[in-house]
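Structure, as structure tokens:
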Amino acid sequence: MGKGTEIESPSINIIGYGTDIKGDVNTVGDIRVDGKIVGNFSSNQKLVIGQSGVVEGNITCRDCDISGKVVGNIIVN
Numbered sequence: 021m022g023k024g025t026e027i028e029s030p031s032i033n034i035i036g037y038g039t040d041i042k043g044d045v046n047t048v049g050d051i052r053v054d055g056k057i058v059g060n061f062s063s064n065q066k067l068v069i070g071q072s073g074v075v076e077g078n079i080t081c082r083d084c085d086i087s088g089k090v091v092g093n094i095i096v097n
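What follows is the structure, encoded as structure tokens:
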């Protein structure tokens with residue numbers, strides 16, 4: 021593969037306050053949720069749910085910090 025096609029490190033994602041997502045979310049990088057996800061969530065990295073963050077669905081991740089609300093099951097690897 022060419023040098024420009026390799027990913028050196030996973031990205032950091034933010035779902036900001038006032039943003040609502042309906043559907044499953046899958047990411048390979050860290051993510052912070054200050055908005056709302058209605059659907060299942062999966063990440064190979066860390067999930068941070070801020071005080072205003074809401075996840076209504078099942079969560080699978082490597083590491084998790086929760087200050088907001090979760091309605092569903094959490095599996096932390």
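Position one of the sequence shown corresponds to residue 21 (my numbering), numbered consecutively onward. Positions of the beta carbon are idealized from the N, C-alpha and C atoms, including for glycine.
Residue interval of the beta strand (DSSP E) (run including residue i)
| i | result |
| --- | --- |
| Asn-46 | 45 to 47 |
| Ser-62 | 61 to 63 |
| Arg-52 | 50 to 53 |
CB contact flag (residue i, residue j, <9 Å)
| i | j | result |
| --- | --- | --- |
| Asp-54 | Ser-31 | no |
Exposure label - residue i; buried when at least 16 CB within 10 Å
| i | result |
| --- | --- |
| Ser-87 | exposed |
| Val-91 | exposed |
| Val-48 | exposed |
| Val-75 | buried |
| Val-45 | buried |
| Lys-56 | buried |
C-beta neighbour in chain B for residue i, strict 9 Å
| i | result |
| --- | --- |
| Ile-69 | Absent here is chain B; the protein component of the structure consists of one chain. |
Nonlocal neighbours in the same chain, by C-beta distance under 6 Å from residue i, ignoring five residues either side
| i | result |
| --- | --- |
| Asn-93 | Asn-78 |
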